[in-house]
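Just so you know, we're using our numbering here: the sequence shown kicks off at 1 and counts up by one.
What follows is a set of notes on a single structure, which appears directly below.
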Amino acid sequence: MTIDGIITAMVTPFAADGSFSDEGIEKLIEKLVAGGVQGLFILGTNGEFYGLSPDEKLAYAKLVVEKTAGRLPVYAGTGAVATREVIDLSRRMADAGVAAVSVITPYFLSLTQEELYDHYRAIAQAVDLPVILYNIPKNSGNNLEAETVGRLAKIPNIIAVKDSSGDLEQLKRYIELTAHEDFSVLVGSDSKILAALKLGAKGAVAATSNLLTKTDVGIYQSFAAGRLAEAQELQNSIEAFRKVLKLATVPAVLKFSLSQIGIPVGQALAPVRSCLTDRQKKAIVQVLAAYQEYEGFMR
1 MTIDGIITAM VTPFAADGSF SDEGIEKLIE KLVAGGVQGL FILGTNGEFY GLSPDEKLAY
61 AKLVVEKTAG RLPVYAGTGA VATREVIDLS RRMADAGVAA VSVITPYFLS LTQEELYDHY
121 RAIAQAVDLP VILYNIPKNS GNNLEAETVG RLAKIPNIIA VKDSSGDLEQ LKRYIELTAH
181 EDFSVLVGSD SKILAALKLG AKGAVAATSN LLTKTDVGIY QSFAAGRLAE AQELQNSIEA
241 FRKVLKLATV PAVLKFSLSQ IGIPVGQALA PVRSCLTDRQ KKAIVQVLAA YQEYEGFMR
């Protein structure tokens, strides 16, 4: 199983009563399918996995798989601190119909590389689904070193790593040490999509593609076609949106932005504050307007 292209780190749409929004899920999926992404990465950092129970995660995964209707593979986050908790949810995800599970490194505890290796090996051995490693050390406090990823890539159903460390030297080592395996290295830092592709990454898991779907897909397609100047121009163009993501906590900005283009995704889960100031909202709307012509946002 090869994972490549632009995979959207999909936000989780909620209705006003806190339930999952069927309308929001459907509209967002349709936008992403039409925009040419090659997969949906659900229940990750931008999918607010940290605020959902295992039962809610399972129910949401089933909804997304149902509404995607086989048009795109769905990769579901099942990460937790305890190995047994990850195994339990990952086994249940098989019934939801997801293509693979994504497992963030354990957080809160500072673990050794051997402990991280044992954690992922135990998960891979206990579940039938393919497993994607998810490295985001700034958030989790644990970094998957290149040698550890190289060892894990030899386990048959560990098929990929999403690296959100932002460290291109480490990503390059991931690529070098897994070159002889059936394994995909994916970048999770949207500012480094093109740089990672040039190093040999297979694709990107991109949060900005919730909004800038055609732009992010264009980076990948332009690179694949050898149009490097065009790819660089598109890569540069996402920086304006990345800057407004820093105006508040990211899920709040992403969800407000989607609401402005007619996709009802509700509020970010507490403790994230969804009440942006008028000044913040104005800045976001102005930036979105600059992408209107290329993206063709619908209201």
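Glycine is no exception: its CB is placed at the ideal position from the N, C-alpha and C atoms.
Residue i - DSSP class collapsed to helix/strand/coil
| i | result |
| --- | --- |
| GLY139 | The question names Gly, but residue 139 in the sequence shown is Asn. Helix, per DSSP. |
| THR178 | coil |
| LEU116 | helix |
| THR12 | coil |
| SER53 | coil |
| SER257 | helix |
| ALA270 | coil |
| VAL287 | helix |
| LYS154 | coil |
| ALA248 | coil |
| TYR294 | helix |
| VAL103 | strand |
| GLY39 | strand |
Counted within 10 angstroms of its Cβ, other Cβ atoms place residue i as buried (16 or more) or exposed
| i | result |
| --- | --- |
| HIS180 | exposed |
| LYS282 | exposed |
| GLY24 | buried |
| GLY18 | exposed |
| LYS57 | buried |
Whether residue i touches residue j by CB criterion (7 Å)
| i | j | result |
| --- | --- | --- |
| VAL185 | ALA201 | yes |
| VAL101 | ALA76 | yes |
| VAL65 | ARG91 | no |
| THR105 | SER53 | no |
| ILE136 | SER164 | yes |
| GLU295 | LYS243 | no |
| VAL265 | LEU258 | yes |
| SER209 | ILE6 | yes |
| PHE20 | LEU89 | no |
| LEU199 | LYS172 | yes |
| ALA9 | VAL205 | yes |
| ALA93 | THR78 | Contrary to the premise, residue 93 reads as Met rather than Ala in this sequence. In contact: MET93 and THR78 (Cβ atoms closer than 7 Å). |
| VAL287 | PHE241 | yes |
| ALA160 | ILE193 | no |
Heavy atom of the ligand GDP within 6 Å of residue i beta-carbon
| i | result |
| --- | --- |
| LEU258 | The ligand GDP is not part of the structure shown, which contains no ligands of any sort. |
Mind listing, in chain order, the continuous beta strand (DSSP E) runs of no fewer than 3 residues lying wholly within the segment 61–100? 74–77
Tell me the start and end of each unbroken alpha helix (DSSP H) in the segment 188–246 that is at least 4 residues and wholly inside, in chain order. 193–199, 213–224, 228–237, 239–245
Per the contact definition of three or more C-beta pairs closer than 8 Å, is the segment 242–250 in contact with the segment 24–36? no
Quick check: the segment 112–131 against the segment 151–158, are there 3 or more CB pairs under 8 Å? yes
When you compare the segment 220–236 with the segment 253–266, are there three or more beta-carbon pairs, one atom per stretch, that lie closer than 8 Å? no
Per the contact definition of three or more C-beta pairs closer than 8 Å, is the segment 227–238 in contact with the segment 31–51? no
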